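Inspection log for the structure reproduced underneath, given as structure tokens.
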Amino acid sequence: MAKYAVHTKWSWPDGVPSAETMQEWHREHRSNTKAEDIIWFKIDENTHQSVIIYSSEADAKEENARRQEMRKQTIEETGHSMVEETMGPILSIMSEA
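Going by the working numbering, the residue at position 25 of the sequence shown is 366; the numbering climbs one at a time, nothing skipped.
Structure representation (structure tokens):
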């Protein structure tokens with residue numbers, strides 16, 4: 342399997358944005374990414390995590406600089422911060438088994 346995942350954890354000092362706000366962001370940026378899917382989920386009132394699925398490590402790496410620039414911009418706008426980031430090749434996806 343050649344797919345690749347990027348996992349992040351974020352802290353929001355003023356609370357995680359609403360699901361509607363996050364969904365709107367996805368609608369606005371869908372055409373600007375090579376990601377197959379981006380999933381955001383709420384951990385608690387001030388923390389969310391995300392998983393970005395790419396069809397390949399090459400796509401993930403190619404998009405990395407743009408992703409970092411976008412993060413910089415949105416962090417300046419909202420004050421949220423990244424707690425951690427991990428990435429690696431996907432070993433298995435249940436829906437594709």
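We put the CB at the ideal spot given by N, CA and C, even for glycine.
Quick caveat, the model's predicted, so the values are computed rather than measured.
Could you tell me the distance, in whole angstroms, from the CA atom of PRO354 to the CA atom of ARG407?
25 angstroms
Is THR388 near SER352, with beta carbons less than 7 angstroms apart?
yes
Scan the segment 349–388 and note each continuous beta strand (DSSP E) run of 3 residues or more that stays entirely inside, going in chain order.
378–385
Between SER441 and THR349, which are expected to be in contact by the criterion C-beta below 8 angstroms, what is the C-beta distance as a whole number of angstroms?
The structure shown has nothing for residue 441, since the chain only spans 342 to 438.
Proximity below 7 angstroms, CB of ILE393 to CB of VAL347:
yes
Pick from GLN414, HIS421 and MET411 that is closest to PRO358, judged by C-alpha positions
HIS421
Grouping DSSP H, G and I as helix and E and B as strand, with all else coil, what is ILE416?
helix
Element boundaries [beta strand (DSSP E), containing MET428]:
422–430
Of the residues GLN364, GLY429 and GLU437, which one's Cα is nearest the Cα of ALA401?
GLY429
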